[in-house]
Amino acid sequence: MATFGTLSDRLTETFRNLRTKGKLSPADVDGTVREIRRALLDADVALSVVKDFTATVRERALGDEVSRALNPAQQVVQIVNEELVGILGGQQRRLQFAKNPPTVIMLAGLQGSGKTTFAGKLAKMLEKDGHTPLLVAADLQRPNAVNQLQVVAEQAGATIYAPQPGNGVGDPVRVARDGVEQARRAQHDVVIIDTAGRLGVDAELMKQAADIRAATEPDEVLFVIDAMIGQDAVNTAKAFQDGVDFTGVVLSKLDGDARGGAALSVASMTGRPIIYASTGEGLDDLEPFHPDRMASRILD
Ligand code: GDP
Numbered sequence: 001m002a003t004f005g006t007l008s009d010r011l012t013e014t015f016r017n018l019r020t021k022g023k024l025s026p027a028d029v030d031g032t033v034r035e036i037r038r039a040l041l042d043a044d045v046a047l048s049v050v051k052d053f054t055a056t057v058r059e060r061a062l063g064d065e066v067s068r069a070l071n072p073a074q075q076v077v078q079i080v081n082e083e084l085v086g087i088l089g090g091q092q093r094r095l096q097f098a099k100n101p102p103t104v105i106m107l108a109g110l111q112g113s114g115k116t117t118f119a120g121k122l123a124k125m126l127e128k129d130g131h132t133p134l135l136v137a138a139d140l141q142r143p144n145a146v147n148q149l150q151v152v153a154e155q156a157g158a159t160i161y162a163p164q165p166g167n168g169v170g171d172p173v174r175v176a177r178d179g180v181e182q183a184r185r186a187q188h189d190v191v192i193i194d195t196a197g198r199l200g201v202d203a204e205l206m207k208q209a210a211d212i213r214a215a216t217e218p219d220e221v222l223f224v225i226d227a228m229i230g231q232d233a234v235n236t237a238k239a240f241q242d243g244v245d246f247t248g249v250v251l252s253k254l255d256g257d258a259r260g261g262a263a264l265s266v267a268s269m270t271g272r273p274i275i276y277a278s279t280g281e282g283l284d285d286l287e288p289f290h291p292d293r294m295a296s297r298i299l300d
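Under this note's numbering, residues 1 to 300 are what the sequence shown spells out, in order.
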C-alpha cells in the first residue's frame, strides 16, 4: 500500500520475526514495541500519541491474554489492530443530518488542504443519495476562491450561493447566514459552507470561522486536513479544535505519499472522528472513512 508504506512494511517485518517464535518473552515484547514505536514515528505520528499507543500495547502484550494465547505473535498483532481501530474512532461515523432541514455543514481548514475540492465532492456524493445541497461561498479571503467554488459546483451539478455586489460583499459571516436562509427558502436540504483557508493558524481568520459557526449553528463542522502534513497535524488540529471546535475530520490527499500519521495523531489528540477520506483531485474521489479498514491497511 502506497499510503501507509513505511508503517505497514515495518510492522509486517516485525510481525514476521514474531511469528517465527512460539512464546513471547518480555524481551520479545520490548523488541516488538520498539519496532512499532519506530514505525509510528517514521509515519509522522505525534510523539505523545506514539508513547500512549506503545505503552498500551506493551501492557497488553505482557498480560494474560497473550501468555494464554495459542499463538502469542498473532495475539499481539490483534492487539495492535484493536488499538489502532480504537484510536481511529472504532465504528465508522456517518454524517449527521438535522431533524429539521436544512442540515448545515461548515468546512474549515488551512489553505490548500483540499477544502473547496471536498465541498464539490461532498455535494456530488450527497446528490447521488438524493439530497439537494447548496454550496455557499463564504471564503472571501482569496480573490479566486469564489470562482473556484463556482467551477467545482458546476462540475458537481450543484447550486451555489455566492456574494452578489452590494449583498454582504466582504462580510463572510453575513454571506454564510444569508446562504442558510437561501437554502431554507429554496428548499435545499443541505448547506455546505466553504470558509476562508489560511496559510498558517491565523487568529483573525479563526475568529471569523468561529463567528460563522455562531451565526449558522452548523450540524457538522468538518475540519479538512491534508494527510501529508505530517507532524504539523497535531498543532494545526488542536488550533482548529480550540478555534472552531469541529465535529469531524476529513482526511484529504490520502492518494499521495502520506504515511498516515496524521490520521492517528488527529484522531487521538482531538477525539474527533474522521468521517471522510479524500483520495484524489476528481470529484468522485471521496470515501467514507472506515477505522477498521484503515487499521488493517496499516497492518497489511
Ligand atoms: P483549499 O484551499 O483548502 O480550498 O484547497 P483546494 O480544494 O483548492 O485544493 C488544493 C489542491 O489540492 C488542488 O490542486 C486540489 O486539486 C488538490 N486536492 C484536493 N484534494 C485532493 C486529494 O484528495 N488528493 C489529491 N491528490 N489532490 C487533492
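Where a beta carbon is used, it is the ideal one built from N, C-alpha and C, also for glycine.
| Thinking C-alpha only, which one of Gln241, Asp245, Gly261 is nearest Gln231? | Gly261
| query | Say the cut is 7 Å; is the CB of Gly280 nearer than that to a heavy atom of the ligand GDP? | reply | yes
| said: Among the candidates Gly256, Ala156, Leu254, whose CA atom is the shortest distance from the CA of Asp284? | reply: Ala156
| Using CA coordinates, which residue listed in Leu199, Val104, Glu281, Asp292 is at the minimum distance from Val152? | Glu281
| field | Spatially closest choice to Gly200 from Ile193, Val190, Ile225, by CA coordinates | value | Ile225
| request: Take Thr32 as the anchor and find which of Thr54, Thr279, Pro102 has the nearest alpha-carbon. | output: Thr54
| Exposure label - Asp64; buried when at least 16 CB within 10 Å | exposed
| Whole-angstrom distance between Thr132 and Ala318, CA atom to CA atom | Since the first residue of the chain shown is 1 and the last is 300, residue 318 is not available in this structure.
| field | Cβ-Cβ distance between Val85 and Ala295 below 8 Å | value | yes
| Boundaries of the alpha helix (DSSP H) in which Thr216 is found, first to last residue | 203-216
| message | I need the straight-line Cα distance from Asp28 to Lys207, nearest angstrom please. | response | 50 Å
| request: Give the single residue among Met269, Ser278, Thr279 whose Cα lies nearest to the Cα of Ile87. | output: Met269
| task | Return yes when the C-beta of Gly109 is under 7 Å from any heavy atom of the ligand GDP, and no when it is not. | result | yes
| Assumed close pair Asp171, Leu107 - CB separation to whole angstroms, cut-off 8 Å | Contact flag wrong, Cβ pair sits at about 18 Å.
| task | Output the distance between the C-alpha atoms of Gly243 and Pro72, rounded to the nearest integer angstrom. | result | 45 Å
| In three-state terms, what does DSSP make of Phe4? | Annotation note: pLDDT 42 at Phe4 (below 50); position unreliable, coordinate value reported separately. Coil at Phe4, not helix or strand.
| task | Report yes if the C-beta distance between Gln92 and His290 is below 8 Å; otherwise report no. | result | yes
| Since Leu286 sits in a beta bridge, which residues does DSSP pair it with? | Ser278
| said: Within 10 Å of its beta-carbon, does Gly197 have 16 or more other beta-carbons around it, so buried, or fewer, so exposed? | reply: buried
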